[in-house]
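A.B. asks: Below is a structure I'd like to ask you about.
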Amino acid sequence: MAAKAQEIIATDLPFVLTCVWGPEVGYQTKYWVGWPSAENPYAYGEQGEPGFLNVLIHLKPAKVLVPTPTPAVTAVTPELNRTLLALLNATQSLNVQVSTMSAKISELGASIASLSSAIATLEVIVIIVLLLEVYLIIAIRRRQATSH
């Protein structure tokens, strides 16, 4: 029963001193390996003594840290260079075409504004002409009515 309790404590705690200044010590190996054990019984001092530094020298991470690989650099081949140059030229051409169309649309907007103004002026002139025609018709009929 005591062995099972010691095993549970040893797997969950980084360092458990099972007796005060005694030689029996349990170590957790979840994060660090290389602790003194029955399979690896090297000489060491108790925790707190200068000889315990020998234990720290033997410790290594439990998991090997794998460095992330550096991304591969893609070499610019002549074919890739030609393709990129063609894309650049096509993009510049499209830029010029869009700028030209934008200028033409602005000109068209100005033309529409001036036409709208001219149409409004013509509508006013037509209304004035119609009013004059009505006035003339009324004036002519009055004259005819007074002359009879």
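Going by this note's numbering, the first residue of the sequence shown is number 98, and it counts up by one from there. Just so you know, even glycine gets a beta-carbon here, dropped at the ideal spot from N, CA and C.
Taking the straight line between their C-alpha atoms, what separation do you get for Leu227 and Gln241?
C.D. replies: Cα to Cα, Leu227 sits roughly 21 Å from Gln241.
A.B. asks: What did DSSP end up calling Tyr124 once you bin it into helix, strand or coil?
C.D. replies: Three-state result, Tyr124: strand.
A.B. asks: Just the C-alpha distance for Lys201 and Asn192, rounded to the nearest angstrom, thanks.
C.D. replies: Taking the straight line joining both Cα atoms gives about 14 Å.
A.B. asks: Could you please give me the residues that DSSP links to Lys157 through a beta bridge?
C.D. replies: Beta-bridge pairing links Lys157 to Val130.
A.B. asks: Would you mind stating whether Glu159 and Tyr128 have Cβ atoms separated by less than 8 Å?
C.D. replies: According to the sequence as given, residue 159 is Ala; it is not Glu. A contact, by the Cβ cut-off of 8 Å.
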